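Asker: Sharing a structure below in structure tokens format, with a few things to ask.
2 protein chains.
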Amino acid sequence: MPFFEDIEIGARRDLGSFTFTAEAIKKFAAQFDPQRFHLDEEAGRNSLFGGLAASGWHVGSVCMKLLVADGQRQAKEAAARGEQVAIWGPSPGFRELRWLKPVLAGDTIHFFSEVESMRTSEKRPEWGILQGRHTGTNQRGELVYSVLATAFVPRRSTGS
Amino acid sequence: MPFFEDIEIGARRDLGSFTFTAEAIKKFAAQFDPQRFHLDEEAGRNSLFGGLAASGWHVGSVCMKLLVADGQRQAKEAAARGEQVAIWGPSPGFRELRWLKPVLAGDTIHFFSEVESMRTSEKRPEWGILQGRHTGTNQRGELVYSVLATAFVPRRSTGS
Chain A
1 MPFFEDIEIG ARRDLGSFTF TAEAIKKFAA QFDPQRFHLD EEAGRNSLFG GLAASGWHVG
61 SVCMKLLVAD GQRQAKEAAA RGEQVAIWGP SPGFRELRWL KPVLAGDTIH FFSEVESMRT
121 SEKRPEWGIL QGRHTGTNQR GELVYSVLAT AFVPRRSTGS
Chain B
1001 MPFFEDIEIG ARRDLGSFTF TAEAIKKFAA QFDPQRFHLD EEAGRNSLFG GLAASGWHVG
1061 SVCMKLLVAD GQRQAKEAAA RGEQVAIWGP SPGFRELRWL KPVLAGDTIH FFSEVESMRT
1121 SEKRPEWGIL QGRHTGTNQR GELVYSVLAT AFVPRRSTGS
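Just so you know, the sequences run in chain order A and B. For the first sequence, this note's numbering assigns the number 1 to the initial residue and increments by one for each residue that follows. For the second sequence, this note's numbering assigns the number 1001 to the initial residue and increments by one for each residue that follows.
Below, the structure is given as structure tokens:
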């Protein structure tokens, strides 16, 4: 992952896409969100969703999975170039978590992440605080998911 | 689940508690958030978390699981009393998703949900829109998780 100083506002990462199969939707729902419209095609069709719909927590978790995979890919590439790799810290929270349209069985969601703001931490000057908007768009180009995430990103040590 | 008319602002539901074992933390992380501090005890100890920490998406998903279980329990009890059971609609989104403190392996988190605001939908007058704060508190009484959720709750048909 890049250091704080190597990131620019507006930078956009393509996180790749994920197809929400009926099987994956039902598997997640059975574990964490066993509402009928997430478990059964007919119940989904008869709900406000209009079809078997992925749990919002499933959509958020898949976005997280792609974010982590992208970060690991970036770290590997940086290491291969002989660069120092920054270890990002945890996220203190997310804001404006929105499920704008249903994600139905068979939908392919393409996720992106874009840097919206950056500042240095007052309490911990060795860290920067980055806000990034993660979004998911379906195969019809409709925005289905959006969240504003905060992350701690290490700053380069002075002189390194 | 209750109808919109049967809910009061300030009403609080005890959703029960969940112990985040190291095994459960690693299993979720391997699927959805494979960052080292969610997968390995030593990496966790060396991170800002100070121990093997649950993914925030795991904490949110467990809260969802307990919410759904509580709703199903309420629906069953209402049905046993011969009452009509309301089928709640989907959530359009969550706000102020906060992971305030790490959830470490062995922590037991007690979840609650409290109604913060209620209004009827202008677009769909047969639905009410409820905002509820879901929270998680650890065995030391520290608030570790908080999110403001929006839900569509059906109103009783006139005359029913």
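For each residue, glycine too, the CB sits at the ideal point set by N, CA and C. No experiment lies behind these values; they were computed from the predicted model shown.
Which residues in the same chain as A:V62 place their Cβ atom closer than 6 Å to its Cβ, once the five residues preceding and following it in sequence are excluded?
Answerer: Excluding residues within five positions, the ones whose Cβ falls inside 6 Å are F18.
Asker: Going along chain A in order, which residues have a C-beta closer than 8 Å to the C-beta of B:S1091?
Answerer: Simply G56 and W99.
Asker: What's the gap between the Cα of A:A75 and the Cα of A:A86?
Answerer: Looking at the two C-alpha atoms, the distance is approximately 8 Å.
Asker: Buried or exposed for A:Q35, please, with buried defined as at least 16 other CB atoms from any protein chain shown within 10 angstroms of its CB.
Answerer: Label assigned to A:Q35: buried.
Asker: Could you check whether B:R1133 and B:A1151 sit closer than 9 Å to each other, using their CB atoms as the reference points?
Answerer: Contact flag unset, no.
Asker: Could you list which residues in chain A have their beta carbon closer than 9 Å to that of B:S1061, in chain order?
Answerer: Going along chain A in sequence order, the residues near B:S1061 (Cβ under 9 Å) are F28, Q31, F32, D33, S55, W57, H58, G60 and S61.
Asker: Run through the DSSP bridge pairs and tell me what A:Q131 is partnered with.
Answerer: Paired residue(s): A:S117 and A:T150.
Asker: Which residue's Cα is closest to the Cα of A:T120: A:I129, A:R95 and A:E41?
Answerer: Residue A:I129 is the option with its Cα nearest to A:T120.
Asker: To the nearest angstrom, how far is the alpha carbon of A:L48 from that of B:A1054?
Answerer: Taking the straight line from one Cα to the other gives about 32 Å.
Asker: Anyone know if the C-beta pair for A:A29 and A:L39 falls short of 9 Å?
Answerer: Against a cut-off of 9 Å, the Cβ pair of A:L39 and A:A29 comes out as a contact.
Asker: Does the beta carbon of B:M1064 come closer than 9 Å to any beta carbon on chain A?
Answerer: It does: the Cβ of B:M1064 has a partner Cβ on chain A nearer than 9 Å.
Asker: Does DSSP put B:E1096 in a helix, in a strand, or in coil?
Answerer: Strand.
Asker: For the alpha helix (DSSP H) that B:D1070 lies in, which residues bound it at each end?
Answerer: Where B:D1070 is concerned, the enclosing alpha helix (DSSP H) stretches over G1056 to A1080.
Asker: Return no unless some Cβ of chain B is closer than 9 Å to the Cβ of A:F4.
Answerer: A:F4 does not count as touching chain B.
Asker: Using the Cα positions of A:E41 and A:V103, report the straight-line distance between them to the nearest angstrom.
Answerer: Cα to Cα, the separation comes out at about 13 Å.
Asker: Using DSSP's beta-bridge definition, name the partner residues of A:A53.
Answerer: Bridge partners of A:A53: A:L104.
Asker: Helix, strand or coil: which one does DSSP assign to B:D1014?
Answerer: Of the three classes helix, strand and coil, the one that applies to B:D1014 here is strand, per DSSP.
Asker: Determine the burial state of A:S117: buried for a count of at least 16 other Cβ atoms within 10 Å of its Cβ, exposed for fewer.
Answerer: The residue is exposed, with fewer than 16 neighbouring Cβ atoms inside 10 Å.
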